[in-house]
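Student:
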Amino acid sequence: MGGGIAQVAAVQAGCKVVLVDVKQEQLDKCMGLMDKLLAKDVAKDRLTEADKAAALARITTSTDMSAFGGASFLIEAATENVGLKLDLFRAMDSVAPSGAILASNTSSISITKMAAATARPEAVIGMHFMNPVPVMKLVEVIPGLATSEATLADTLALATAMGKTCTQSRDIPGFIANRILMPYINEAVQTLYEGIGTVEAIDTSMKLGTNVPMGPLTLADFIGLDTCLAIMQVLHSELGDSKYRPSPLLVQHVNAGWLGKKSGRGFYDYR
Ligand code: CAA
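Quick note on my numbering: the sequence shown kicks off at 428 and runs consecutively.
Structure (structure tokens):
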């Protein structure tokens, strides 16, 4: 998702972007995909070749966090793991200029907790994009307990410049979208676990029956089953309601390493 966020920041908002990852290989993959997606926009007359080249030239990559030294707005989009996010927020806080905003693309983890790991809780905020970022119109904006009005206003302005429509959510596990989406996906997995229907029957029922672009099991594979499980675990442990219990079949798939599209196998086989 980091690559998608970098793309809309550079293309739609015209920002200079530094894209940081621990692996150079991942950065190269992101830049390659971006080049392909923008070439399609040029072919469809939605972007000129010159604007494509200028947008790509606005993005630099690095495996070193100190590359964020001159940034005014940092957006973290790492794996959905609390310990990792807290470490990243401490590191971002130490390299970012004072006054820079630190945002997280987390799908469910407490913004207030990440803010408390920094010396600038008033400048920490949630900025939750949807996948695939260049296509999906929504950004959920989540102020933490200490987030200032100025941070909120700057974040809404940046997301709007990126061409997104914003909703605002309280800092409660899952926020709005995943509070509703993940129990729906989990219930689809449970429906499969209980043998009520096949993978295809469940997806077709929801796709044709509710007019969504993907059935819930296809969508789960697309999001990543490890991400779906991590979000259900946050909802379950932090809200304490048994209705958020992850389906045993979802746990089993993750234990097997069947993580969906990215691993080649999930509820469907992509190999
Ligand atoms: N990156 C960028 N663009 C992409 C893309 C990607 N990974 N995948 C598809 N697209 C673009 C295509 O290039 C195409 O663009 P054009 O129309 O300009 O040519 C457009 O999307 C449609 O793609 P396709 O025709 O190939 O396929 P499709 O019509 O089936 O659409 C889809 C693909 C947009 C992914 C659609 O199936 C969809 O909207 N699915 C639901 C996605 C969704 O619900 N996302 C939210 C997940 S939850 C989340 O992200 C939050 C979380 O915290 C877990």
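C-beta atoms are modelled at their ideal positions from N, C-alpha and C, and glycine is treated no differently.
Since this is a predicted model, take the numbers as computed values, not measurements.
For Val626, which residues of its own chain have a beta-carbon under 8 Å away from its beta-carbon, when the five flanking residues on both sides are left out?
Tutor: What you label residue 626 is simply residue 199 of the sequence shown in a count that begins at 1. Here the set comprises Leu619, Leu644, Phe694, Tyr695.
Student: Tell me whether Met589 counts as near the ligand CAA, meaning its Cβ is closer than 6 Å to at least one heavy atom of that ligand.
Tutor: Residue numbering aside, residue 589 sits at position 162 when the sequence shown is read from its first letter. Every heavy atom of the ligand CAA is 6 Å or more from the Cβ of Met589, so no.
Student: Going by Cα to Cα distance, which pick from Lys688, Gly510, Lys450, Ile599 is closest to Gly651?
Tutor: Taking the first residue of the sequence shown as position 1, residue 651 is located at position 224. Checking every option, the nearest Cα to that of Gly651 belongs to Lys688.
Student: So who's on the other strand from Ala518, going by DSSP bridges?
Tutor: On the sequence shown, position 91 is the one that residue 518 refers to. Answer is none; Ala518 lacks a bridge partner.
Student: Quick check: the Cα distance between Ile612 and Gly601, rounded to an integer number of angstroms?
Tutor: Your numbering for residue 612 matches position 185 in the sequence shown. Your numbering for residue 601 matches position 174 in the sequence shown. Their backbone Cα atoms lie some 13 Å apart in a straight line.
Student: Report the residue from Leu666, Cys655, Lys670 whose alpha carbon sits nearest the alpha carbon of Val681.
Tutor: The count along the sequence shown starts at 1 and reaches residue 681 at position 254. Per the Cα distances, Cys655.
Student: Could you tell me how far apart the beta carbons of Val616 and Ser534 are, in whole angstroms, since I believe they sit closer than 8 Å?
Tutor: Position 189 of the sequence shown holds residue 616. Position 107 of the sequence shown holds residue 534. At roughly 17 Å, the Cβ-Cβ gap does not stay under 8 Å, so Val616 and Ser534 are not in contact.
Student: Give me the Cα-Cα distance between Val661 and Asn532, rounded to the nearest whole angstrom.
Tutor: Translated into positions along the sequence shown, residue 661 becomes position 234. Translated into positions along the sequence shown, residue 532 becomes position 105. Computed Cα separation, rounded: 15 Å.
Student: Looking at C-alpha atoms only, which residue of Ser669, Asp668, Gly667, Arg692 is the closest neighbour of Gln679?
Tutor: Counting from 1 along the sequence shown, the entry for residue 679 is found at position 252. The shortest Cα separation from Gln679 among Ser669, Asp668, Gly667, Arg692 belongs to Arg692.
Student: Is it buried or exposed, Pro640, if we count other Cβ atoms within 10 angstroms and call 16 or more buried?
Tutor: As a position in the sequence shown, residue 640 is number 213, starting the count at 1. When all chains shown are included, Pro640 counts as exposed.
Student: If you measure between the beta carbons of Met609 and Ile536, is that distance less than 7 Å?
Tutor: Along the sequence shown, read from residue 1 onward, the residue named residue 609 stands at position 182. Along the sequence shown, read from residue 1 onward, the residue named residue 536 stands at position 109. Contact flag unset, no.
Student: What does DSSP give as the partner residue(s) for Met554 in the beta ladder?
Tutor: Residue 554 sits at position 127 when you count from the first residue of the sequence shown. Note: Met554 sits in a beta bridge opposite Val568.
Student: In chain order, what residues of the same chain lie with their CB nearer than 7 Å to the CB of Lys443, ignoring the 5 residues before and after it?
Tutor: Position 16 of the sequence shown, counted from the start, is the residue given in the question as residue 443. The answer, listed in chain order, is Arg485.
Student: Helix or strand or just coil, what does DSSP make of Asp668?
Tutor: Taking the first residue of the sequence shown as position 1, residue 668 is located at position 241. Asp668 falls in the coil class under three-state DSSP.
Student: Just list the residues that DSSP pairs Val562 with in beta bridges.
Tutor: The sequence position of residue 562 within the sequence shown is 135, counting from 1. Beta-bridge pairing links Val562 to no other residue.
Student: What residues in its chain sit with their C-beta under 7 Å from that of Leu666, if we drop five residues either side in the sequence?
Tutor: Taking the sequence shown and counting its residues from 1, the one referred to as residue 666 is at position 239. Result list for Leu666: Pro600, in chain order.
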